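Engineer:
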Amino acid sequence: MPSHYKVKEYCPNVFRNLREQFCVDSTEYLRSLTAYEPEPDQLDGSKTGAPPRLFVSYDKKFVIKSMDSEAVAELHSVLRDYHEYVVEKQGKTLLPQYLGLYRLTIEGTETYLIVMRNVFGRKYNVHTKFDLKGSTVARVASEKEKNKEVPTLKDNDFLEMNEKLSLPDETRQQLLEMLAADTAWLSKMHLMDYSLLLGIHDCERAAEEAAKRPVEHVSEESADELCPTPPDSPLPSTGAFPPLSGGPDLDDEYYAIASHPDAPKKLIYFIGLVDILTYYGVKKRTATAAKTVKYGSDAENISTVKPDQYARRLVDFITKAVTPGA
4 MPSHYKVKEY
14 CPNVFRNLRE
24 QFCVDSTEYL
34 RSLTAYEPEP
44 DQLDGSKTGA
54 PPRLFVSYDK
64 KFVIKSMDSE
74 AVAELHSVLR
84 DYHEYVVEKQ
94 GKTLLPQYLG
104 LYRLTIEGTE
114 TYLIVMRNVF
124 GRKYNVHTKF
134 DLKGSTVARV
144 ASEKEKNKEV
154 PTLKDNDFLE
164 MNEKLSLPDE
174 TRQQLLEMLA
184 ADTAWLSKMH
194 LMDYSLLLGI
204 HDCERAAEEA
214 AKRPVEHVSE
224 ESADELCPTP
234 PDSPLPSTGA
244 FPPLSGGPDL
254 DDEYYAIASH
264 PDAPKKLIYF
274 IGLVDILTYY
284 GVKKRTATAA
294 KTVKYGSDAE
304 NISTVKPDQY
314 ARRLVDFITK
324 AVTPGA
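Residue 329 is where the sequence shown ends in my numbering, and the numbering goes up by one at each step.
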């Protein structure tokens, strides 16, 4: 432990209420963050040798991300509106779930930390991952990224793989309505350059991987992920989407959606919006103008566009991804 450190919590009453809106028990929240040391996220995009910017709590429920002062200022500027929106939606949103904001000072060095609910599953590991912006200009994962065990693929990779999300009709409609409402709010707040993070858990692949592991290494949690809840048993859910009768146990998996029962593959999708705190100000307007000149007729597909266009384009992209035959 350092000889001298300080921790400051910002807006504790607001974040306490946000945790209530998101059904996060404060005692469990504290236990998740303090029972064991959080682990650096191996999927974080930090440069080699740089301090990790993203940590995951030991139980995988929460992520702790460092923020620069600009992002902290932007969060403060939208926090009141964000809180009102979350209350209005009764916590049912794809937006990041901001649960606590802290400043850690160690030997005079300050670090800002935001705690959020983890988009990805606690019980189900992710086999495929996409960062989607609805843009097709320079939106391809690098070869270095693709060589990772679970690379973060991008929009053009998604299109090239001809990915489609097979969802029950009611769930698909709910997802699109939620995404439209969330992106409309982001546009109203002049925010852009965010991503829809999509993780895919392949149930058959998980079963094959578990079968290859020595018996003593199959934990109770691993066994749970292979056993769907029986059709007649109650299916509690604290998530944004209703569980399927007879489907996998998605309790405490807020961003999870089970694939359609008749889909060719039994999958679990994890879907949430991330990195929403980029304000469309002078810097981004200048970048838009420069890229418009550079890409000419393809400029409408660049990532840096006006917030309303950005929101509309992402919704259109995801609508096609979840619509059969689109």
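We treat Cβ as the ideally placed atom computed from N, Cα and C, and that holds for glycine.
Everything numeric in this text was worked out from a predicted model, so none of it was measured.
#1: Tell me whether Pro43 sits in a helix, a strand or coil according to DSSP, three-state version.
#2: Given this structure, state the Cα-to-Cα distance separating Lys68 from Tyr115, to the nearest angstrom.
#3: Taking 7 angstroms as the threshold (C-beta atoms), are Tyr282 and Pro310 in contact?
#4: Distance check for Ala266 and Ile321, CA to CA, integer angstroms please.
#5: Touch check for the segment 133–146 and the segment 254–268: three-plus C-beta pairs under 8 angstroms?
#6: Would you report the Cα separation of Glu146 and Asp160, rounded to the nearest angstrom?
#7: Return the residue from the list Thr326, Glu110, Ile117 that minimises the CA-CA distance to Val75.
#8: Does chain B have any CB closer than 7 angstroms to the CB of Leu156?
#9: State the beta-bridge partners of Asp205 as determined by DSSP.
#10: So what does DSSP say about Leu170, is it helix, strand or coil?
#11: With distance defined between alpha-carbon atoms, name the residue in Asn121, Ser198, His204, Ala184 nearest to Leu168.
#12: Taking C-beta to C-beta, are Leu182 and Val318 nearer than 7 angstroms?
#13: Can you check DSSP and say which residues form a bridge with Arg120?
#14: The alpha helix (DSSP H) spanning Glu110 covers which residue range?
#15: Is the segment 126–133 close to the segment 194–204, with three or more CB pairs under 8 angstroms?
#16: Cα separation between Asp71 and Asp255?
#17: Determine which residues share a DSSP beta bridge with Val277 and list them.
#18: Measuring straight from C-alpha to C-alpha, what distance separates Leu46 and Val153?
#19: Within its chain, find whatever has a CB closer than 6 angstroms to the CB of Asp235; leave out the 5 residues flanking it on each side and keep chain order.
#20: Could you tell me whether the Cβ atoms of Ser198 and Lys136 are closer together than 7 angstroms?
#21: Please report how far the alpha carbon of Ile260 lies from the alpha carbon of Lys95, in whole angstroms.
#22: According to the neighbour-count rule (16 or more other Cβ atoms, all chains shown, within 10 Å of its Cβ), is Lys1 buried or exposed?
#23: What three-state label does DSSP hand Glu87 in the structure shown?
#24: Which of helix, strand or coil does DSSP assign to Ala74?
#25: Might you give, ordered along the chain, the residues of its own chain that have their beta carbon closer than 7 angstroms to the beta carbon of Lys9, omitting 5 neighbours on each side?
#26: Just list the residues that DSSP pairs Phe133 with in beta bridges.
#27: Does the distance from the CB of Leu194 to the CB of Ile279 come in under 7 angstroms?
#28: I'd like the list of long-range same chain contacts for Gln177, defined as Cβ closer than 7 angstroms, with 5 residues on each side in sequence excluded.
#29: Give me the Cα-Cα distance between Ala187 and Gly242, rounded to the nearest whole angstrom.
#30: Roughly how many angstroms lie between the CA atoms of Glu12 and Thr37, to the nearest whole one?
#31: Would you mind stating whether Gln100 and Met119 have Cβ atoms separated by less than 7 angstroms?
#32: Enumerate in chain order the residues of its own chain whose CB-to-CB distance from Lys132 is below 6 angstroms, with the five nearest sequence positions on each side excluded.
#33: On the three-state DSSP scale, how would you describe Val10?
Structural biologist: Quick look at the numbers:
#1: Secondary structure at Pro43: strand, using DSSP grouped into helix, strand and coil.
#2: 8 angstroms
#3: no
#4: Put simply, the backbone Cα of Ile321 is about 18 angstroms away from that of Ala266.
#5: no
#6: 12 angstroms
#7: Residue Ile117 holds the alpha-carbon nearest to the alpha-carbon of Val75 among Thr326, Glu110, Ile117.
#8: Absent from the structure: chain B. Only one protein chain is present.
#9: Bridge partners of Asp205: Leu270.
#10: Correct three-state label for Leu170: coil.
#11: His204
#12: yes
#13: Phe65
#14: Careful: Glu110 lies outside any alpha helix (DSSP H) and carries neither H nor E.
#15: By the C-beta criterion, the segment 126–133 is judged to be in contact with the segment 194–204, since at least 3 inter-stretch pairs fall below 8 angstroms.
#16: 30 angstroms
#17: Note: Val277 sits in a beta bridge opposite Ser198.
#18: For Leu46, the pLDDT reaches just 47, beneath the cut-off of 50, and the residue's location in the model is therefore unreliable, although a value from the coordinates is still provided. Approximately 8 angstroms, taken between the alpha carbons.
#19: Confidence in Asp235 is poor, its pLDDT being 42 and thus under 50, which makes the residue's placement unreliable; the coordinate value appears in the next sentence. Hits under 6 angstroms: none found.
#20: yes
#21: 14 angstroms
#22: The structure shown does not extend to residue 1, since the chain is modelled only from 4 through 329, so no value can be given for it.
#23: Helix, per DSSP.
#24: Helix, per DSSP.
#25: Thr108
#26: Leu156, Leu201
#27: yes
#28: Phe244
#29: 22 angstroms
#30: So the two alpha carbons sit approximately 15 angstroms from each other.
#31: yes
#32: Val153, Thr155, Gly202
#33: strand
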